[in-house]
Structures are given as C-alpha cells and as structure tokens.
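Everything on this sheet refers to the single structure shown next.
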Amino acid sequence: MAVINRNTWIVGPLAAAVFVLTWILCIQFKLMIDDPDQMTAALIKSNEKVIRNYVRAWGETPASLNDIRLYARQTGTQFVNYDVWGERLEYLRLGKVNYTLRSFGADGVQNRPGTRLDPGVFHWGLLLEKGLRYDEESGPMHARPSVVLFAGADDSRGLWHAKLFVDPISGSRRLLVRSRQKKNLYMLAPHDGVEEFLWVPGQQKIIFTASQSARYADGLYIWDLEKDEANNLFMLDGDMAELDPGNKQKNFYVALSAIRNENPPSVAVFVQSASSILLDPRAFFHPTNLHVFNLGDKIEHVYPDKAAIQQKTLFNMEFLGFATVSPGGTGNTLQSAWMRLPMGGDWDKAVLAWQDFASSYGKSMLAPYAVWGISMIYSEASKSAGRGSKNGQIFASYSLELGRALSQMSVAPGYARAIGAWIGAKD
C-alpha cells in the first residue's frame, strides 16, 4: 500500500500559489516601469467607481478623500489614494455632481501646455463649442464686467475655457481652465478663494481676484498658464500695503472693473481695506478706489486719469446683465437662464423671474449676485413707493432681509458679503 505524505498536499499548492503571486507581482512591476501613467490611470478609473457609488448612495459628491476612504471601508470596497509614485492623489469637489481626481504624474507638479498630461478623471460638465467671451472693445466702457462671465468664459483666441466652481459645503471657490485643443488638459488655479476673473487679451494668462482664504493672501493675481505661476500683484507693489496699514494679514475687498486690450494690456480693480464688515457700495465703487495695473514685462501700478461712466445710482443692475459679453458665444445652462432674466419692464414679472432664478440655482456661483439683484430691485421699489409709505416700508424690509442673506452666503465674494451686511444694517 502506497504511503501518501500529507506534506505533499500542503507544499505543492503553496508553491504553486507563491509562483502565481510572484508572476503577478512581476507583471505588475513591469507594467509600472513600462507605463506608470497607464497604471495610475487604471487605478484612478477603479477609484472612480467608488465615487460613483457614493454619489448614488448619498446624492452628491464626497467632500474629501477621507470621506471616500471611509465609505469604501464601510462598503468593503477598495479605494487606493496614492499613485504608483507613492504620491497622494488630488481629489477636488467642484459641486454636487462635479469633481476631479488626478495624479500629478512622475514630475509631481500640475500639467501645463507642452508637458505630459496628468492621469485623472475630470467631471466638469458639458463644454460648449464656443463659450461666452469678454468684449475687449466695449467692456472697458463699463464700470464692472458682466458677472455671467465668471460662470464660464473663453479666452480671446478660443483656445481655453475657464470656469468658477463654488462649493457651499467648504465655501471654496476654485477656478479651473480646460484646453479646447488638447483633450483632458485641465489646470487648477493655485487659490481656494477665487472670486472673479478675466482673460488677459491675446495671452494664455488670467487675472483673478481672491479673498477669504485661510491658506492664501487676498489680492489680484495674474496666472500664467504656460509656466503655471500665479503672482499676487498687490504683493509686488508697496503702495497697496498703505491701503491697510498696521494689518499684517492685509485683508482687502477686491472687485474687478475692466481689462483693456492695449500694449501692454491693463486691468482695473476696485480695492478697499477690509477693516470693517460693512461695505457701502456707493463708496466702494468710486473712482478713488480704482487701481490700474499695466501687465507688461514689468508690472506697473498706476492711478487712472478717468474712470468708466457710472450710472446715477450705484444700485444699478448693469453689471448683472450682459453688457460686456461679446456677441456670438453660447452660455451653459446656468448662464442661459441668467441672460433670460429681465433688466426692466414689468416690475412684478421681474421680481418673480429673479426670485425663481435664486431658488432654482441657489447653490450656483451666480446665486449671490441674484440675491444682490433682488435686494436692489426692492430697494428701488421702496424709493419709488416712498420710504414713509406702507408699501415703501415693506419693500425696504425685504431688501434688508435679502442683504442679510447675502452676507451669510459662504460662496459669495468677500466684498459682496460685506455689501450685504451693509444693506442689512440700514435703518
């Protein structure tokens, strides 16, 4: 009778398992050496499934990588938050359904024109064939750019599209640009409190204002996409420090005015120290607060000889329309809804239209401007009815409540929140 060694039953399968595991590891290592970008892309695609399941379960995108990892652990699924180079993946929540998840590749820095694309997934939304553009010719004739452009705008040559994404959960305002020529070339501006932006005419550069960040300084930034460098123009000019003397943090209220297509191009901004939580718009949007920067090889800070013509009242709605939008472009869903809003005509219909927009797009980046607009409508109605009349008092109270609501909106620009506080504090 043959004697069977039971160790054979153990050692044999164990050796086979070790061989198979070794073979798999060797193959994976070879793939990593041959094409680490492809391997990282596959890993990110696998992670994307976890995020999709999260959205199906909770109805919105996760707030952070930690939320994704916790969900994966609770559901028994795998989520790897490091790429093949051992660097942490970057996850960015752009809104309820929009997000990005990417690796910075072998060099560890964000891709830019002329470099290898970063592996990742980018849920931005629909990119229209031709977006809205700032009217470089007539725009400077107006005191403020049309705010609808901040929800998405092409550069003057049609090579890039930029868009602001706001997140009511974190209060962040992120500026993301997308190439129209190179698929999956996205770049993220290095600031989490971007408020307003305009393209520099004829260049791959963006001017943006920013404030209210715990990580970055308030100011006016010029972002060079080719170098992926952003410089705060306020930091480059000693005169700007005098606007907020004695305050090491240098907190400012900043609002874009216009950009001129000259040689060199120039940008104008309204600036005031954020020393008070209340901001009177009639004082803020005044030529004395206007600063101009010439954007040549050497940045030059100058004071304007003349400012754009203002309306009789600074509670006008011109900048809420599309006066500085160049004809021919197409707006996204949010922008199209905005541009259908009435700027005059029947008062009752106008109020209903603006209130409907604020309700339907209450978490969008245009929502604060809509609330501000409704407040202006009620303020003007109060004046027309007479401050002392019953209707005048009712309209004034509505304006006050809307101002207070604006002051509490985490995604509103800093100056808009302060203006809201000023409206809400009026007697």
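Numbering-wise, the sequence shown is residues 20 to 446 according to this note's numbering. The C-beta atom is built at its ideal place from N, Cα and C for all residues, glycine as well.
Pairwise C-alpha distance: residue j and residue i
i    : j    : result
V321 : N313 : 8 Å
T332 : V286 : Its pLDDT being 45, under 50, T332 is placed unreliably by the model, and nothing is read from it.
D237 : L252 : 10 Å
S292 : V430 : 20 Å
P361 : H210 : 34 Å
S122 : G95  : 24 Å
I438 : T352 : 28 Å
W42  : V69  : With a pLDDT of 45 at W42, under the threshold of 50, the modelled position of this residue cannot be trusted, and the question is left open.
F334 : G348 : Any reading at F334 must be qualified, since the residue scores a pLDDT of 45, below 50, and its modelled position is unreliable; no value is offered.
L89  : A233 : 26 Å
V213 : K402 : 35 Å
Y388 : S394 : 10 Å
I188 : L151 : 28 Å
A61  : T134 : 20 Å
W357 : V370 : 14 Å
I63  : E106 : 13 Å
R92  : Y73  : 12 Å
V288 : F141 : 32 Å
R436 : F271 : 13 Å
Residue i versus the options, residue with shortest Cα-Cα distance
i    : options                : result
K382 : Q427, N250, P361       : Q427
I413 : I396, S189, R193, Q200 : I396
W441 : K402, W391, W77        : W391
D56  : Y110, P138, V288, P323 : P138
R279 : K202, N270, V311, E337 : V311
D186 : S295, G78, R112, I393  : R112
R131 : K202, A444, D173       : K202
W366 : A76, S175, E399        : E399
K445 : S355, A386, K317, L298 : L298
Cβ separation of residue i and residue j, assumed to be a contact under 8 Å, to the nearest whole Å
i    : j    : result
L108 : L120 : 6 Å
T59  : Y118 : Going by Cβ atoms, the distance from T59 to Y118 rounds to 17 Å, so no, they are not a contact pair.
R193 : H180 : Going by Cβ atoms, the distance from R193 to H180 rounds to 15 Å, so no, they are not a contact pair.
G364 : S230 : Actually they do not touch by this definition, with Cβ atoms about 35 Å apart.
S65  : F338 : Contact doesn't hold; Cβ gap of about 46 Å is too wide.
Residue i classed as buried or exposed, judged by whether at least 16 other C-beta atoms fall within 10 angstroms
i    : result
N410 : exposed
K182 : buried
T228 : buried
M160 : exposed
V116 : exposed
S191 : buried
G158 : buried
S276 : buried
I46  : At I46 the pLDDT is 46, less than 50, meaning the model places this residue with poor confidence and gives no usable figure here.
D54  : exposed
Cβ contact check for the segment 94-101 and the segment 125-135: 3 or more pairs under 8 Å
no
Can we say the segment 244-259 touches the segment 407-423, given the rule of at least three CB pairs closer than 8 Å?
no
Say whether the segment 397-408 touches the segment 373-382, bearing in mind that this needs 3 or more beta-carbon pairs closer than 8 Å, one atom from each stretch.
no
Should the segment 85-94 be regarded as contacting the segment 142-161, the criterion being three or more beta carbon pairs within less than 8 Å?
no
Does the segment 226-246 touch the segment 200-215, meaning 3 or more C-beta pairs lie closer than 8 Å?
yes
Any 3 or more C-beta pairs closer than 8 Å across the segment 340-351 and the segment 295-307:
no
Count the C-beta pairs between the segment 162-172 and the segment 214-229 that are closer than 8 Å, then say yes if the count reaches three, no if not.
yes
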